[in-house]
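To start, the structure under review is shown below, and the notes come after it.
In my numbering, the protein residues as written are 173 to 394.
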């Protein structure tokens, strides 16, 4: 569905967050060092960043300021043990989209992540409807004419990513990055096979193939 850059140097917290993200259908790439996180976030495409402020190498605020200074507008949820209101203001002023002090509940983190992703995509609700297709990312539920579909994790990621980016053509390489885990090496036709399976489940007219460009989700013709 969506690749998330998770920047957290506490191994236990990072493992817990990564497991929670995976259970919710996200792909999490983990970095513990500030310098490495800055490079990865500046050179790779992520839907959002979960960013701890207290990091070795480069602190989270410096990463955030550099990213915004370079015009990178991906949404960022800041995590920190620092609880002072002045530090929260500093994080928001530096470009954070949301702020969650430690300790926190995983359910709240996921809710805040969904919220910033929706705002970034211009959506007000977790429920999106396109024709007879409905996608509820909070419940991880995809239905056609109200009937829930039995989907694999790859199928769910493909549908939700295309729905979230339905106003544009998504290049094939971008879909591969967000649908498959970073350590996966899909065959050249794997995405086409996956897209074919999805078409059979949601209807063949919802996904438009742009030869040489990519795929887009479109409203069905009246």
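Backbone N, C-alpha and C fix where the C-beta goes; we use that ideal spot for every residue, glycine too.
Taking the C-beta atoms as reference points, residue 379 is found nearer than 8 Å to residue 367. Contact annotation: the segment 190–210 touches the segment 173–181, with at least three C-beta pairs closer than 8 Å. Contact between the segment 327–336 and the segment 380–394 is present, with at least three C-beta pairs closer than 8 Å.
Per DSSP, reduced to three states, the secondary structure at residue 324 is coil, with no helix or strand assignment. In this structure, residue 375 keeps its C-beta atom at 8 Å or more from the C-beta atom of residue 319.
Secondary structure note for residue 209: its alpha helix (DSSP H) is the uninterrupted segment 206–215. A Cβ-Cβ separation of about 6 Å places residue 176 in contact with residue 218 under the 8 Å criterion. About 5 Å separates the Cβ atoms of residue 192 and residue 278, confirming a contact at the 8 Å cut-off. The beta-carbon distance between residue 249 and residue 284, rounded to whole angstroms, is 6 Å. This is short enough to meet the 8 Å contact definition. Within a 10 Å sphere around the beta-carbon of residue 350 sit 16 or more other beta-carbons, which makes this residue buried. Beta-bridge annotation (DSSP): residue 247 is not paired with any residue. With a contact defined as Cβ atoms closer than 8 Å, residue 223 and residue 251 qualify at about 7 Å.
Leaving aside the five residues that flank residue 229 on each side, the residues in its chain whose CB is nearer than 6 Å to its CB run, in chain order, 205, 206, 207. DSSP, read as helix, strand or coil, puts residue 384 in coil.
Assignment of residue 317 by DSSP, reduced to helix, strand and coil, places it in the coil class. Setting aside the 5 residues that flank it on each side, residue 190 is surrounded in the same chain by 178, 200, 202, each with a C-beta closer than 8 Å to its C-beta; the list follows chain order.
Between the alpha carbons of residue 321 and residue 215 lies a distance of about 36 Å.
Shortest Cα-Cα distance from residue 372 to any of 247, 309, 384, 305 involves 305. By the beta-carbon neighbour count (other beta carbons within 10 angstroms, threshold 16), residue 269 is buried. Residue 220 sits buried, since 16 or more C-beta atoms from the chains shown fall within 10 Å of its C-beta.
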